[in-house]
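Peer 1: For the sequence shown, position 149 (counting from the first letter as 1) is numbered 149 according to the UniProt record's numbering, and the numbering increases by one without interruption.
We treat Cβ as the ideally placed atom computed from N, Cα and C, and that holds for glycine.
Sharing a structure here in structure tokens format.
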Amino acid sequence: MEKIIDEKQQGNSLVLEQNKANNRKLYIESYGCQMNFSDSEIVASILAKEGFNTTQQMEEADLVLVNTCSIRDKAEQTVRKRLEKFNAVKRINPKMKVGVLGCMAERLKSKFLEEEKIVDMVVGPDAYKDLPNLVQEIDEGRNAVNVILSKEETYGDVAPVRLNSNGVSAFVSITRGCDNMCTFCVVPFTRGRERSRDPQSILDEVNDLWDRGFKEITLLGQNVDSYLWYGGGLKKDYDKATDMQKATAVNFSGLLALVAETQPKMRIRFSTSNPQDMTLDVIETMAKHNNICKYIHLPVQSGSNRILKEMNRLHTREEYFELIDNIRNIIPDCAISQDMIAGFPTETEEDHQDTLSLMEYVKYDFGFMFAYSERPGTLAERKMEDDVPGEVKKRRLTEIINLQQKHALYRTQQHIGKTEEVLIEGTSKKSNAHWMGRNTQNTVVVFPKESYKIGEFVNVKINECTAATLIGEAVGYSENN
Ligand code: SAH
Ligand code: F3S
């Protein structure tokens with residue numbers, strides 16, 4: 001018996017060696033937030049060392065991975081539909097293995113294996129370094145699960161393989177997890193506690209991107225303003241840090257300044273800011289550095305103080321206005337965008353009107369708007385009834401979206417007649433003869449290509465607009481080029 005196992009193991013390791021040499025094919029699909037797309041680049045890097053090359057063709061893949069999102073029920077349904085498609089492909093290619101990564105993997109754990117027979121492997125967001133072992137497990141015919149959340153893991157030492165890259169802009173993750181515990185949100189459960197990445201490893205990654213021709217980075221975190229490096233470990237354990245660690249700690253404004261000064265021509269963006277954690281020094285650092293883009297994604301979720309409290313958002317409507325006023329005073333042309341939830345439990349018509357009037361005050365450039373979706377395990381699910389009827393949620397959401405459309409158009413109109421610096425990212429979706437890029441405020445700009453190239457900084461005179469796009473013509477290179 002023992003001998004047979006030995007032979008089997010030997011046979012398998014031989015197959016594994018051959019697989020490494022043969023360059024197996026990895027197909028990876030990502031859903032949800034930017035962090036998931038960034039994580040997939042880390043996963044691709046870890047698996048590249050195991051001999052996996054990425055492919056765009058699922059049909060030829062040995063390993064198919066789906067990086068999943070749990071934020072709303074609809075996001076999970078989308079993934080389940082994709083698994084059905086994978087099933088159809090597996091019938092043609094029976095040796096194909098399927099792994100589920102990300103937030104759904106963390107939420108459902110080994111239940112996934114029972115619920116979706118096609119799944120061979122379940123890997124949570126902090127367990128990607130275990131992939132070589134997990135892949136070996138499934139190679140040997142067993143299912144594999146690792147959903148352990150970590151106090152330390154930031155993948156700071158993994159150089160991401162840039163997937164679907166335009167070679168111009170890249171994500172750089174700086175924090176993982178979230179400690180905020182908004183009552184509607186599943187993220188603290190699926191991504192664990194907040195921890196920050198070593199600033200030196202962030203600078204190394206940014207320098208490497210610049211050397212490879214990248215011109216824009218987005219620093220990523222669930223709550224970037226909460227970034228705090230004091231030598232590693234969880235944010236909530238900062239109290240236990242030594243005096244020395246505290247004296248040399250780096251916060252978010254410190255990190256922003258470091259990155260901006262290290263690569264003064266690299267455009268720097270960041271996402272997401274939580275109002276309760278955004279401090280004045282971040283806004284001042286943005287104002288001081290030309291290469292930090294004048295755009296803040298500042299989700300508020302609701303304009304009603306009562307609802308904000310029920311959501312455990314730790315600021316009031318008035319404090320949010322104060323923050324908006326500070327941003328506008330320090331950076332007058334700063335673009336601001338929102339996330340909004342319609343129909344949180346107990347939301348009344350009056351609460352909804354408060355949301356609309358808050359929007360009227362800010363006049364956001366852009367927004368991501370959602371109907372409330374109850375998530376298992378969250379405080380709202382455990383303590384509150386999802387009592388706003390579906391059609392009421394839908395109607396309120398439509399009102400929010402329509403108002404946002406109006407404000408977006410108002411904002412884009414303010415750019416007409418101005419000449420703005422645009423970083424060229426690629427061909428316009430609507431016309432092969434036009435480039436598409438963004439200005440510092442993150443608004444999409446399209447203009448005739450002429451002899452300009454991808455990755456160049458160009459001054460564009462804005463002539464027309466829609467609610468989402470500025471249309472103009474290039475008047476020459478910007479001084480940044
Ligand atoms: N800080 C995060 C927020 C993640 S969730 C970030 O980096 O973007 C993104 C948005 O999804 C939230 O701001 C919120 O508007 C929305 N959202 C989260 N949970 C939700 C739920 N249960 N129902 C509806 N929308 C939700
Ligand atoms: Fe979710 Fe609130 Fe954090 S929305 S990701 S718990 S800031």
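Can you tell me the Cβ-Cβ gap for E425 and G417, rounded? I've got them flagged as a contact below 8 Å.
Peer 2: In the sequence shown, counting from the first residue as 1, residue 425 sits at position 425. In the sequence shown, counting from the first residue as 1, residue 417 sits at position 417. Contact flag wrong, Cβ pair sits at about 24 Å.
Peer 1: Among residues of its own chain, excluding the 5 on either side of F37, which ones have a beta-carbon nearer than 7 Å to its beta-carbon?
Peer 2: As a position in the sequence shown, residue 37 is number 37, starting the count at 1. These residues qualify, in order along the chain: S30 and F171.
Peer 1: For the ligand SAH, is there any heavy atom lying closer than 7 Å to the beta carbon of S173?
Peer 2: In the sequence shown, counting from the first residue as 1, residue 173 sits at position 173. No, the beta carbon of S173 sits no closer than 7 Å to any heavy atom of the ligand SAH.
Peer 1: Note down, in chain order, each residue of its chain lying with its Cβ closer than 7 Å to the Cβ of G472, except the 5 sequence neighbours on either side.
Peer 2: Counted from its first residue, the sequence shown places residue 472 at position 472. Contacts found: V445, F447, V460, K461, I462 and N463.
Peer 1: Between the stretch 285–296 and the stretch 236–245, are three or more C-beta pairs nearer than 8 Å?
Peer 2: Counting Cβ pairs under 8 Å, fewer than three are found: no touch.
Peer 1: With a cut-off of 8 Å, do at least 3 Cβ pairs link the stretch 374–385 to the stretch 171–183?
Peer 2: As far as the Cβ criterion goes, the stretch 374–385 touches the stretch 171–183, which means the pair count is three or higher.
Peer 1: At a cut of 8 Å, does the stretch 268–283 reach the stretch 323–338 through at least three beta carbon pairs?
Peer 2: In short, these stretches touch, since the Cβ pair count reaches three.
Peer 1: With respect to the beta strand (DSSP E) encompassing K97, which residues constitute its N-terminal and C-terminal limits?
Peer 2: In the sequence shown, the residue the question calls residue 97 occupies position 97. That run of the beta strand (DSSP E) goes K97 to L101.
Peer 1: From the DSSP output, in three-state form, read off S271 for me.
Peer 2: Position 271 of the sequence shown, counted from the start, is the residue given in the question as residue 271. Strand.
Peer 1: Does the stretch 344–362 come within contact of the stretch 303–317, defined as at least 3 CB pairs closer than 8 Å?
Peer 2: Result yes; three or more Cβ-Cβ pairs closer than 8 Å.
Peer 1: Would the stretch 190–198 count as touching the stretch 212–230 if we require 3 or more Cβ pairs under 8 Å?
Peer 2: Flag = yes, the stretch 190–198 and the stretch 212–230 touch.
Peer 1: Give me the Cα-Cα distance between Y477 and V135, rounded to the nearest whole angstrom.
Peer 2: For this step, residue 477 is matched to residue 477 along the sequence shown. For this step, residue 135 is matched to residue 135 along the sequence shown. Going by the C-alpha atoms only, they are around 49 Å apart.
Peer 1: Using 7 Å as the cut-off, classify the Cβ of Q404 as near or not near the heavy atoms of the ligand SAH, replying yes or no.
Peer 2: Taking the first residue of the sequence shown as 1, we reach residue 404 at position 404. Q404 Cβ: outside cutoff for every heavy atom of the ligand SAH.
Peer 1: Throw me the rounded Cβ distance for the W138 and K97 pair, which I believe falls under 8 Å.
Peer 2: Looking up residue 138 in the sequence shown gives position 138. Looking up residue 97 in the sequence shown gives position 97. In the sequence as displayed, the identity of residue 138 is Ile instead of Trp. Between K97 and I138 the Cβ distance is about 5 Å, and since that is below 8 Å, they are a contact.
Peer 1: With C103 and T68 assumed to form a contact (beta carbons below 8 Å), what rounded beta-carbon distance in angstroms separates them?
Peer 2: Here residue 103 refers to the residue found at position 103 of the sequence shown. Here residue 68 refers to the residue found at position 68 of the sequence shown. The pair is a contact, with the Cβ atoms about 6 Å apart (cut-off 8 Å).
Peer 1: Where F214 and G167 are concerned, what is the direct C-alpha to C-alpha distance, given to the nearest angstrom?
Peer 2: Numbered from 1 along the sequence shown, position 214 holds the residue referred to as residue 214. Numbered from 1 along the sequence shown, position 167 holds the residue referred to as residue 167. Answer to the nearest angstrom: the Cα atoms are 6 Å apart.
Peer 1: Identify the continuous alpha helix (DSSP H) that holds I42 and give its terminal residues.
Peer 2: Taking the first residue of the sequence shown as position 1, residue 42 is located at position 42. Unbroken alpha helix (DSSP H) run through I42: Q34 to A48.
Peer 1: Starting from the C-beta of I118, find all residues in its chain whose C-beta is less than 8 Å away, skip the five residues before and the five after it, and write them out in chain order.
Peer 2: As a position in the sequence shown, residue 118 is number 118, starting the count at 1. So the list reads L83, F86, N87, K90 and V98, once near-sequence residues are dropped.
Peer 1: Considering only heavy atoms of the ligand SAH, list every residue whose Cβ is less than 6 Å from one of them, following chain order.
Peer 2: Chain-ordered list of matching residues: C33, I71, R72, F184, C185, V187, Q222, N223, T272, P299, Q301, D339, I341, F370, Y372, S373 and R375.
Peer 1: Quick check on I174: buried or exposed, where buried means 16 or more other Cβ atoms within 10 Å of its Cβ?
Peer 2: Start at 1 with the first residue of the sequence shown, and residue 174 comes out as number 174. Result: buried.
Peer 1: From K393 to G343, what does the alpha carbon distance come to, in whole angstroms?
Peer 2: Within the sequence shown, numbered from 1, the residue matching residue 393 stands at position 393. Within the sequence shown, numbered from 1, the residue matching residue 343 stands at position 343. Roughly 5 Å separates the two Cα atoms.
Peer 1: So, Q338 versus P275, is the Cβ gap smaller than 8 Å?
Peer 2: If you number the sequence shown from 1, residue 338 lands on position 338. If you number the sequence shown from 1, residue 275 lands on position 275. Their beta carbons are not under 8 Å apart, which means Q338 does not touch P275 by this criterion.
Peer 1: Please report the distance separating the alpha-carbon of A408 from that of E60.
Peer 2: Numbered from its first residue, the sequence shown carries residue 408 at position 408. Numbered from its first residue, the sequence shown carries residue 60 at position 60. Distance between the alpha carbons of A408 and E60 is about 43 Å.
Peer 1: Determine the burial state of M244: buried for a count of at least 16 other Cβ atoms within 10 Å of its Cβ, exposed for fewer.
Peer 2: As a position in the sequence shown, residue 244 is number 244, starting the count at 1. Burial call: exposed.
Peer 1: Given H315, which residues of its chain have a CB within under 6 Å of its CB, disregarding the five upstream and five downstream residues?
Peer 2: For the purposes of this step, residue 315 is taken as the residue at position 315 of the sequence shown. So the list reads P275 and Q276, once near-sequence residues are dropped.
Peer 1: Quick check on Q301: does DSSP put it in helix, strand or coil?
Peer 2: As a first step, residue 301 is located in the sequence shown; it is residue number 301 there, counting from the start. In the structure shown, Q301 sits in a strand (DSSP, three-state: E or B).
Peer 1: Taking the alpha-carbon of T272 as reference, which of V161, L258, I336 and P345 has the nearest alpha-carbon?
Peer 2: Reading the sequence shown from its first residue, position 272 is the one you call residue 272. Nearest of V161, L258, I336 and P345 to T272, Cα basis: I336.
Peer 1: Does the Cβ-Cβ distance between R197 and E152 come in under 8 Å?
Peer 2: On the sequence shown, position 197 is the one that residue 197 refers to. On the sequence shown, position 152 is the one that residue 152 refers to. No.
Peer 1: With H, G and I counted as helix, E and B as strand and the rest as coil, what does DSSP make of K74?
Peer 2: One-based indexing of the sequence shown puts residue 74 at position 74. Residue state, collapsed to three classes: helix.
Peer 1: Is it true that the CB of V158 sits closer than 8 Å to the CB of I46?
Peer 2: Walking along the sequence shown from the start, residue 46 turns up at place 46. Walking along the sequence shown from the start, residue 158 turns up at place 158. Against a cut-off of 8 Å, the Cβ pair of V158 and I46 comes out as a contact.
Peer 1: Just curious, the alpha helix (DSSP H) that D281 is in, first and last residue?
Peer 2: Stepping through the sequence shown from its first residue, residue 281 is reached at position 281. L280 to K288 is the extent of the alpha helix (DSSP H) around D281.
Peer 1: Can D73 and S357 be called in contact, C-beta distance under 8 Å?
Peer 2: In the sequence shown, the residue the question calls residue 73 occupies position 73. In the sequence shown, the residue the question calls residue 357 occupies position 357. For D73 and S357, no; Cβs fall outside 8 Å.
Peer 1: Nearest to I454 by alpha carbon, out of A249, F366, E391 and S169?
Peer 2: On the sequence shown, position 454 is the one that residue 454 refers to. Ranking A249, F366, E391 and S169 by Cα distance to I454 puts S169 first.
Peer 1: CA-CA distance, S150 and I42?
Peer 2: One-based indexing of the sequence shown puts residue 150 at position 150. One-based indexing of the sequence shown puts residue 42 at position 42. If you take the alpha carbons of S150 and I42, they lie about 16 Å apart.
Peer 1: Quick check: the Cα distance between D62 and V100, rounded to an integer number of angstroms?
Peer 2: Within the sequence shown, residue 62 is the residue found at index 62, counting from 1. Within the sequence shown, residue 100 is the residue found at index 100, counting from 1. Rounded to the nearest angstrom, the two C-alpha atoms are 14 Å apart.
Peer 1: For the ligand F3S, is there a heavy atom less than 7 Å away from the beta-carbon of M35?
Peer 2: Counting from one through the sequence shown, the residue named residue 35 turns up at place 35. The answer is no for M35.
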